[in-house]
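Notes to accompany the following structure.
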Amino acid sequence: MSTLQPLDNGEHRLLAKFIYCLLQVEFSRMPIDYSKWKAIEVSDDEDDTHPNIDTPSLFRWRHQARLERMAEKKQKREEIEKNKATSNNKIEQLEQKLKSTDISAEEKTKIEKEIEEIKDQEAKWLAKEKELEEQERLEPWNVDTIGHEGFSYSRVNKITEKKPPPKLSDEEDSKRMTSFFDKNEGLIQEYGKLKTLEESEAFILEHPHLASEYTANYLTIDALNMAIDHKEEEMSNIARQCIVIQYLLELAKNMNAIPTNASIIKAFFKKFRAADPQYLKLYTDEVAAFEDRLRRRAKEKRDAALAEYEAEEKEKRIAAAPGGLDPQEVYESLPEEMRAAFDSQDVSKLQEVAMSMDREVFSYHFQRCIDSGLWVPNASSEEAEQQEHGEEGATAEPQS
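One rule links them: number in the working numbering = place in the sequence shown (from 1) + 142.
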């Protein structure tokens, strides 16, 4: 059995798109679903939404429902702000009256009681405001809220809106990917070794062009190579870094933004670090699922490489065999006593088998041994015939 070698750079480039496409089917069932990671709601009013979302009609329904919830929360906030302002103004007016020397003790008591009631009501408004802020903090991140401050509709990514890129042919896309690999292989490998979100953010901000599908392609192949070579720690780290890039790309896509824009990169990592533990656990679970897929794919590739190697070796054995039979298959098909005789490399034992075994059975297997090259008869055809019939001692040697 040959030792399976890692893919070289040329194979990286040739196999990148192929293997990435093979994994894409499984990618569609994995981490890049923002409704699972930090319960992020995917933009659902675009034609090319994430495949995990059900139907276009459901997209519109969900989006409308979300906008209605947002409008309702906005109305509540405005109501709270209005009532707080009214309460503050009224308290100020009443406190001014208290400072007057013309009011009676009875009127003063009445004003103080009214102020106390207003403050009690104000405390309730403050409690509602705090509750609303907590709801907003836990609210899923989506295309309608990520670029907003409170309920103002000024987007942070206004300058990052992008036009649909021109559709490339497979050949042109392959050329661009190869060029990207050639120029950035070292940087991508360095990024794949980073351990923390802080390191990843700083690195991508320094090299924003790495926020690219080509980076995810390369990392997928690199992680697969590590899995093939049973390098679990390296594979796990690269897989995690690959998913981070995938999340960033999906976020930018659903915001119709350019992923290389610094504000998008910063917003993504800020939200990622602030995610609640329960959502981060979903993220780590999804990374683990991706690793399992890589391990299965690596086993398939190892098995395929072994099968290819064995097929090549079989062809060589058959080509070298005098009668066109595979010596390994012939050996495995021999009766147990004949295999034992070949294993011993003792001609006399083979002669004993010839004397004790049914003549037709022995002749059949012995001829197959000759045709496969397991047995090389003497030049004398007479001696060969005698050996075949077990009538005289064989002088040829079994082939190991």
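Glycine is no exception: its CB is placed at the ideal position from the N, C-alpha and C atoms.
Treat the numbers as computed from the prediction; the structure is a model and nothing was measured.
Residue i burial status per 10 Å Cβ neighbour count (16 or more: buried)
i    : result
A399 : buried
P519 : buried
L393 : buried
N367 : buried
D485 : exposed
P469 : buried
E433 : buried
A358 : buried
E502 : exposed
K395 : buried
Y356 : buried
L352 : buried
S490 : exposed
R211 : exposed
Y425 : buried
A344 : exposed
L448 : exposed
G515 : buried
A446 : exposed
A269 : exposed
D189 : Residue placement at D189 is flagged as unreliable, the pLDDT there being 43, under the threshold of 50; the coordinate-derived value follows with that caveat. Flag for D189 reads exposed.
A483 : buried
A213 : exposed
A496 : buried
Residues near residue i by beta carbon distance below 6 Å, same chain, minus five either side
i    : result
F410 : L390, L393
L476 : H507
A158 : Unreliable positioning characterises A158 in this predicted model, as indicated by a pLDDT of 46, which lies under 50. The coordinate reading is nonetheless provided below. Cβ within range, chain order: N359, I363.
N326 : none
E271 : I222
K543 : In the structure displayed, the chain extends from 143 to 542; residue 543 sits before or after that span and is not available.
Presumed contact (8 Å Cβ cut-off) between residue i and residue j, rounded CB distance
i    : j    : result
Y267 : K215 : According to the sequence displayed, residue 267 carries Trp and not Tyr. In fact, because the Cβ distance is near 15 Å, the residues do not count as touching under 8 Å.
E273 : S229 : So it is not a contact: roughly 18 Å between Cβ atoms.
R437 : V472 : At roughly 37 Å, the Cβ-Cβ gap does not stay under 8 Å, so R437 and V472 are not in contact.
H349 : L329 : 6 Å
L240 : K252 : Actually they are not in contact, since the Cβ atoms of L240 and K252 sit about 11 Å apart, beyond 8 Å.
Q388 : S342 : Q388 to S342, Cβ: 13 Å. No contact.
G466 : D500 : No, G466 and D500 are not in contact; Cβ-Cβ is about 26 Å, not under 8 Å.
I260 : K224 : Actually they do not touch by this definition, with Cβ atoms about 14 Å apart.
E546 : L236 : Outside the shown range of the chain (143 to 542) lies residue 546, about which nothing can therefore be said.
Continuous alpha helix (DSSP H) stretch holding residue i: start and end
i    : result
L467 : No alpha helix (DSSP H) holds L467; DSSP gives it neither H nor E.
Q331 : 312-334
M480 : 478-486
D418 : Here D418 belongs to no alpha helix (DSSP H), and DSSP marks it neither H nor E.
D364 : 355-370
M497 : 489-498
S342 : 339-348
Residues near residue i by beta carbon distance below 7 Å, same chain, minus five either side
i    : result
D488 : none
I380 : G334, L361, D364, A365, M368
T302 : Only weak support exists for where T302 lies, its pLDDT of 48 falling under 50; the value from the coordinates is given anyway. Excluding sequence neighbours, T302 sits near A399, I400, N403, S405, I406.
S498 : none
I346 : L352, A353, I407
I245 : K239
M377 : A365, M368, A369, E433, L436
Contact set for residue i: own chain, Cβ-Cβ below 8 Å, skip 5 residues either direction
i    : result
L339 : V386, F411, F414, R415
L310 : R318
Q277 : K215
S218 : Residue identity check: residue 218 is Lys in the sequence provided, not Ser. Around K218: K270, L274.
Proximity test, Cβ basis, 8 Å: residue i and chain B
i    : result
A344 : Included in the structure is just one protein chain, with no chain B present.
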